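The structure appears right after this line, and notes come after that.
2 protein chains.
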Amino acid sequence: MTEHLLTAARALDAADPLRHHLDAFVKAPGVSAYLDGNSLGRPLAVVPDLLDRFVREDWGTRLIRSWDEQWMALPERVGDRIAEVTLGAAAGQTIVADSTSVLLYKLMRAAVAARPGRSEIVIEAGNFPTDRFIAAGVAAETGATLVWVEPDSVRGVQPEDLDALLNERTALVVLSHVDYRSGALADMAAITARVHDAGALMLWDLCHSAGSVPMRLDACGVDLAVGCTYKYLNGGPGSPAFAYVRADLQGGIRQPIQGWFGAADIFAMGPEYAPTPGIRQLLSGTPAVTSMIAMQAMLDLIAEAGIDAVRAKSVSLTDFAVQVFDEQLAPLGVRLLSPRDSAARGGHVTIGHPDFRAITQRLWGEGVIPDFRFPNGIRLGLSPLSTSHEETLHGMLAVRDALG
Amino acid sequence: MTEHLLTAARALDAADPLRHHLDAFVKAPGVSAYLDGNSLGRPLAVVPDLLDRFVREDWGTRLIRSWDEQWMALPERVGDRIAEVTLGAAAGQTIVADSTSVLLYKLMRAAVAARPGRSEIVIEAGNFPTDRFIAAGVAAETGATLVWVEPDSVRGVQPEDLDALLNERTALVVLSHVDYRSGALADMAAITARVHDAGALMLWDLCHSAGSVPMRLDACGVDLAVGCTYKYLNGGPGSPAFAYVRADLQGGIRQPIQGWFGAADIFAMGPEYAPTPGIRQLLSGTPAVTSMIAMQAMLDLIAEAGIDAVRAKSVSLTDFAVQVFDEQLAPLGVRLLSPRDSAARGGHVTIGHPDFRAITQRLWGEGVIPDFRFPNGIRLGLSPLSTSHEETLHGMLAVRDALG
Numbered sequence: 000m001t002e003h004l005l006t007a008a009r010a011l012d013a014a015d016p017l018r019h020h021l022d023a024f025v026k027a028p029g030v031s032a033y034l035d036g037n038s039l040g041r042p043l044a045v046v047p048d049l050l051d052r053f054v055r056e057d058w059g060t061r062l063i064r065s066w067d068e069q070w071m072a073l074p075e076r077v078g079d080r081i082a083e084v085t086l087g088a089a090a091g092q093t094i095v096a097d098s099t100s101v102l103l104y105k106l107m108r109a110a111v112a113a114r115p116g117r118s119e120i121v122i123e124a125g126n127f128p129t130d131r132f133i134a135a136g137v138a139a140e141t142g143a144t145l146v147w148v149e150p151d152s153v154r155g156v157q158p159e160d161l162d163a164l165l166n167e168r169t170a171l172v173v174l175s176h177v178d179y180r181s182g183a184l185a186d187m188a189a190i191t192a193r194v195h196d197a198g199a200l201m202l203w204d205l206c207h208s209a210g211s212v213p214m215r216l217d218a219c220g221v222d223l224a225v226g227c228t229y230k231y232l233n234g235g236p237g238s239p240a241f242a243y244v245r246a247d248l249q250g251g252i253r254q255p256i257q258g259w260f261g262a263a264d265i266f267a268m269g270p271e272y273a274p275t276p277g278i279r280q281l282l283s284g285t286p287a288v289t290s291m292i293a294m295q296a297m298l299d300l301i302a303e304a305g306i307d308a309v310r311a312k313s314v315s316l317t318d319f320a321v322q323v324f325d326e327q328l329a330p331l332g333v334r335l336l337s338p339r340d341s342a343a344r345g346g347h348v349t350i351g352h353p354d355f356r357a358i359t360q361r362l363w364g365e366g367v368i369p370d371f372r373f374p375n376g377i378r379l380g381l382s383p384l385s386t387s388h389e390e391t392l393h394g395m396l397a398v399r400d401a402l403g
Numbered sequence: 000m001t002e003h004l005l006t007a008a009r010a011l012d013a014a015d016p017l018r019h020h021l022d023a024f025v026k027a028p029g030v031s032a033y034l035d036g037n038s039l040g041r042p043l044a045v046v047p048d049l050l051d052r053f054v055r056e057d058w059g060t061r062l063i064r065s066w067d068e069q070w071m072a073l074p075e076r077v078g079d080r081i082a083e084v085t086l087g088a089a090a091g092q093t094i095v096a097d098s099t100s101v102l103l104y105k106l107m108r109a110a111v112a113a114r115p116g117r118s119e120i121v122i123e124a125g126n127f128p129t130d131r132f133i134a135a136g137v138a139a140e141t142g143a144t145l146v147w148v149e150p151d152s153v154r155g156v157q158p159e160d161l162d163a164l165l166n167e168r169t170a171l172v173v174l175s176h177v178d179y180r181s182g183a184l185a186d187m188a189a190i191t192a193r194v195h196d197a198g199a200l201m202l203w204d205l206c207h208s209a210g211s212v213p214m215r216l217d218a219c220g221v222d223l224a225v226g227c228t229y230k231y232l233n234g235g236p237g238s239p240a241f242a243y244v245r246a247d248l249q250g251g252i253r254q255p256i257q258g259w260f261g262a263a264d265i266f267a268m269g270p271e272y273a274p275t276p277g278i279r280q281l282l283s284g285t286p287a288v289t290s291m292i293a294m295q296a297m298l299d300l301i302a303e304a305g306i307d308a309v310r311a312k313s314v315s316l317t318d319f320a321v322q323v324f325d326e327q328l329a330p331l332g333v334r335l336l337s338p339r340d341s342a343a344r345g346g347h348v349t350i351g352h353p354d355f356r357a358i359t360q361r362l363w364g365e366g367v368i369p370d371f372r373f374p375n376g377i378r379l380g381l382s383p384l385s386t387s388h389e390e391t392l393h394g395m396l397a398v399r400d401a402l403g
């Protein structure tokens, strides 16, 4: 009964202009469907060689000299590359550092301080936990109040959801561009404009869109953003995050963790901290160089493919997943927890069923690897460059069979 | 005229019970003396293979499953290993995370909050810049005042230097165990006891002692500590730092960057942040797994050698460096900026001369790599397991020749 789906999947794969990149990733023996590339992107096959060269030459032979020769510039250089490849942002506004959580803390603290006399942080009630947790901590220590947006959980935040919440007390709005559960894709331009109309700053969490969805941060006038590099940027487990600060805002903010790497003259080792003027002011400690190797190769691959082509493949994969859902899973009582319209959806599709917790554990043991999301969602993360339509079908049919 | 020194160096190397470990590190073609292992430790030769296996198997094949299987526990597991190998601390009190700067921020904020009614942070005026910068930021945002210890720059902070500064207003004392410039080794037991007598908390920066100097954190009753893993723990450029919080203090502190990895139930994704009770409460974002591979191999090597034997080798190297200094450099007007008594010295020796800035640049180009410290110091970082007496002599004679 699924032969026509297999035929369709193979036809889509045959017509996929990016299909040759599927072979660019490390093979995973025993894994027949990896549908969690939006939790942890697969390593490119070139990464072991890159790390070998890095250890033997850059670290092992150039030794401390590599800091002057290349590593000191790396946080900005890779940040600029992320900006160019997927953010739609000019150079000098993006930096790789810390983790998403630590960068959220720095930017939220900086933003609240940059809007004196305003005391409210608007944040989605269903935003990713670390965003909410960090915001709660920042609110507690700055005396700010959290104001919750509670949108429809499938559609995600719509511009008009903010109308009743934005006012002269709003300092900052924190939203995810692509919702980590539903995959709902927010209207960055319209929402940012409304936030600016209220005189507040806009901070976007790009964790689930960077490397998957083309953005236009500069054109949208976005103030602040953070994102993750171990999902669609395939940086490896715990690779550092990135932060974006609009160029003309950089002189008006101050982040609280004033470590030596953010100082104006790092090796002067002078008595007082003075922040360096540009985006490097967001740095605190020594940048995680080893963890920045893999992501550079993936950024090159995305650049080669083109982010618009990556997005087109992503839409094709998620549209196909919805088709398979309709035919094979909906009849079994599974619910679609993602937008049906691809224009309103990022790179993953989430489906729900009470048995999914137990099923996910079993599938993982069998080499079919989707993502489980509490309380009963399976998230199908379809990383465009490393996932085929046939693999998607195979994984979803395994879910169906596990339910049967 | 230096033949006797070469003979002495070779005799010391021949008698060195750890000499066979010199071959355990990646070879550096063109580098005849690497005397900067306390800025960036050399990679172990096994690291490329470890990274290869990590990328292909743990990351590339186990994929997201590795979080459950091993990575989630890694920050505590490696932290416990550091505690066992070099800190003299029981398990459950040490965690690998973030950078030294970010962990200093977390611990200083937590410490000031844990001592309500006290408003002074005592810190050395010559402490490493990031310690001073972070402390100044924490003071500014909490309303605390910095109180400066200004010890003799060679001897470093002595217990009695604190007598006039500690009182009922002191919340926290922040000192380096081994001074980053002079190498002066502080008396951890005596200083910690005095700080406790004043009712304050003690935070030690162990960046220049971890992996080089045996410590007894538990026995000394140390409250808080941070340290670096890319120096004598050879974790690679920007590898994450570690933090220690005394077990019975863990229930009484709260760090400000309350991200998901520090939450009691990380995947419940509940509405409110509740910190997990143990040392994991210091975590914020996703741990930097890739950057924790190399340090684990070095910790195994230090454990195999034994930290006391590592320290004995370190003392032998620095004693020999002082001998070479006396004979070859002092006559040229070079000054010794480190303690002469090895019991008062950590793992490096610093010497001073007005021409050292220019000389260091030249030596680096010739494959002799000491560390330059503003304004005119050359720091000879003699990482015990990767440095020989002959290499030390060669590097120091190159400095002499460059002055001549």
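From first to last, the protein sequence lines stand for chains R and Z. According to numbering that gives the first Met the number 0, the first sequence is numbered sequentially starting from 0. According to numbering that gives the first Met the number 0, the second sequence is numbered sequentially starting from 0. Ideal placement from N, C-alpha and C gives every residue a C-beta, glycine not left out. Bear in mind the structure is a predicted one, so any value in this text is a computation, not a measurement.
May I have the straight-line CA-CA distance separating residue i from residue j, to the nearest angstrom?
| i | j | result |
| --- | --- | --- |
| Ser290/Z | Gly87/Z | 24 Å |
| Arg168/Z | Ile252/R | 32 Å |
| Val221/R | Met201/R | 6 Å |
| Leu282/Z | Thr93/Z | 11 Å |
| Pro330/R | Val321/R | 13 Å |
| Ala139/Z | Ala240/Z | 24 Å |
| Arg410/R | Leu43/Z | What is shown of chain R runs 0 to 403, which leaves residue 410/R out entirely. |
| Trp58/Z | Ser65/Z | 7 Å |
| Gly29/R | Leu62/Z | 11 Å |
| Met297/Z | Asp22/Z | 13 Å |
| Arg52/R | Gln295/R | 14 Å |
| Ala293/Z | Thr285/R | 17 Å |
| Glu83/R | Ser98/Z | 27 Å |
| Ala302/R | Gly155/R | 29 Å |
| Asp178/R | Ala218/Z | 49 Å |
| Leu50/Z | Asp48/R | 10 Å |
| Asp318/Z | Ala209/R | 53 Å |
| Ala14/R | Ser385/R | 15 Å |
Is the beta carbon of residue i sitting closer than 7 Å to the one on residue j?
| i | j | result |
| --- | --- | --- |
| Gly380/R | Asn126/R | no |
| Leu328/Z | Arg399/Z | yes |
| Glu389/R | Asp12/R | yes |
| Arg378/Z | His352/Z | no |
| Gly237/Z | Ala287/R | yes |
| Ser313/Z | Pro383/Z | yes |
| Val309/Z | Ser31/Z | no |
| Pro124/R | Glu149/R | A small fix is needed here, since residue 124/R is Ala in this sequence, not Pro. Cβ atoms of Ala124/R and Glu149/R: closer than 7 Å. |
| Pro276/Z | Arg108/Z | no |
| Leu223/Z | Val244/Z | yes |
| Leu171/R | Ile133/R | no |
| Gly226/R | Leu205/R | yes |
For the alpha helix (DSSP H) that residue i lies in, which residues bound it at each end?
| i | result |
| --- | --- |
| Met107/R | Thr99 to Ala113 |
| Thr359/R | Phe355 to Gly364 |
| Gly78/Z | Leu73 to Ile81 |
| Ala192/R | Met187 to Asp196 |
| Ile133/R | Pro128 to Thr141 |
| His393/R | His388 to Leu402 |
| Thr289/Z | It is not in any alpha helix (DSSP H) - Thr289/Z carries neither H nor E in the DSSP assignment. |
Going by DSSP, what residue range makes up the beta strand (DSSP E) through residue i?
| i | result |
| --- | --- |
| Ala240/R | Ala240 to Val244 |
| Val225/Z | Leu223 to Gly226 |
| Leu145/Z | Thr144 to Val148 |
| Phe319/Z | First-last for Phe319/Z: Ile306 to Val323, but that is the alpha helix (DSSP H), not the beta strand (DSSP E). |
| Arg378/Z | Gly376 to Gly380 |
| Ala96/R | Thr93 to Ala96 |
| Val212/R | Premise fails: Val212/R is in no beta strand (DSSP E) and is neither H nor E. |
Quick one: measure Cβ to Cβ for residue i and residue j, integer angstroms, because I've assumed they're closer than 8 Å.
| i | j | result |
| --- | --- | --- |
| Ser337/R | Thr349/R | 5 Å |
Exercise for review: Could you list the residues in the segment 89 to 105 of chain R with a C-beta less than 7 Å from some C-beta on chain Z, going in chain order?
Suggested key: Asp97, Ser98, Thr99, Ser100, Val101 and Tyr104
Closer than 8 Å, Cβ to Cβ, to anything on chain Z: give me those residues from the segment 28 to 51 of chain R, in chain order.
Pro28, Gly29, Val30, Tyr33, Asp35, Ser38, Leu39, Arg41, Pro42, Val46, Pro47, Leu50 and Asp51
Between the segment 129 to 143 of chain R and chain Z, which residues of the former have a C-beta closer than 8 Å to a C-beta of the latter? Hits within the stretch, in order: Thr129, Arg131, Phe132, Ile133, Ala135, Gly136 and Glu140.
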